[in-house]
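See below for the structure under consideration.
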Amino acid sequence: MSTKKLTLRDITPEERERFAICAHEAGHATAATVFGDTVGTVTISPDHPTHAGRCDLAAEQFAGLHRPHIAFAGPYAEAMWRHGGPPTSAVLRRVLTASGRDDERVIVATGEPRPAEVPRLVASCWASITGLARHLFINGTATQADADRALWLPEHEPEARAFALASIRSGRAPGSFKITPAALG
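Counting with numbering that gives the first Met the number 0, you get residues 0 to 184 for the letters of the sequence shown.
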């Protein structure tokens with residue numbers, strides 16, 4: 000496997016489409032993690048006729064509470080990738096009516112058609128989302144551990160993890176702050 004850094008100039012149009020799917024699923028996984036849910040598996044299957052990618056949750060901390068946010072984060076991340084920055088309404092609508100059809104159904108069913116927190120969350124976590132998308136692009140699958148690494152979450156420190164997630168929810172970019180676990184004494 001090559002260690003050469005992947006750039007847009009190096010990938011084909013088909014690979015760009017695949018990366019857009021990876022960004023979509025990474026958006027779901029990132030939002031799920033930030034809102035306290037547990038990601039089971041994230042998979043990419045670009046040749047599947049109806050589902051090019053899937054993010055399954057292993058557990059929801061508060062069943063259904065963050066479902067519209069998680070559902071919206073996928074299409075929003077894909078639209079941000081396709082647009083090269085915060086997407087226009089037209090780009091977002093195109094994504095929602097194409098690869099985000101199932102997500103849009105979930106979002107509309109909850110009565111919160113465009114969760115306001117999601118654009119800020121995707122923007123502040125963009126480096127983590129694209130890092131996880133790159134992992135998906137290369138490996139085809141990801142887990143909670145991969146999402147945690149992308150978000151720079153502390154391992155084996157539940158209190159530090161909770162603090163880091165709260166900091167990210169408040170708008171801080173993952174990796175832009177340091178968590179010092181409390182001393183045990």
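Glycine included, C-beta positions come from ideal geometry on N, C-alpha and C.
Residue i vs residue j beta-carbon contact at 8 Å
i: P67; j: E111; result: yes
i: A159; j: G130; result: no
i: S102; j: A70; result: The displayed chain sequence assigns Asp, not Ser, to residue 102. In this structure, A70 lies closer than 8 Å to D102 by Cβ.
i: T32; j: D147; result: yes
i: A25; j: I128; result: yes
Extent of the continuous beta strand (DSSP E) run through residue i
i: C54; result: G52 to A58
i: T37; result: T37 to I43
For residue i, the three-state DSSP class (helix, strand or coil)
i: A62; result: coil
i: A115; result: coil
i: A19; result: helix
i: A31; result: helix
i: T140; result: strand
i: T49; result: coil
i: R81; result: helix
Alpha helix (DSSP H) segment containing residue i, residue limits
i: E154; result: Element bounds for E154: n/a, residue is neither H nor E.
i: D101; result: R100 to T109
i: S88; result: S88 to T96
Any non-hydrogen atom of the ligand MN within 7 Å of residue i CB
i: R15; result: The model depicted lacks the ligand MN and carries no ligand whatsoever.
Using 8 Å as the threshold, is the segment 30 to 47 in touch with the segment 80 to 92, meaning 3 or more CB pairs across them?
-> When Cβ pairs closer than 8 Å are counted between the two stretches, the segment 30 to 47 is seen not to touch the segment 80 to 92, the count staying below three.
Would you check if the segment 78 to 85 and the segment 45 to 60 touch, i.e. whether three or more CB-CB distances between them fall below 8 Å?
-> Touching, no.
Are three or more beta carbon pairs between the segment 160 to 179 and the segment 60 to 74 nearer than 8 Å?
-> At 8 Å Cβ cutoff, the stretches do not touch.
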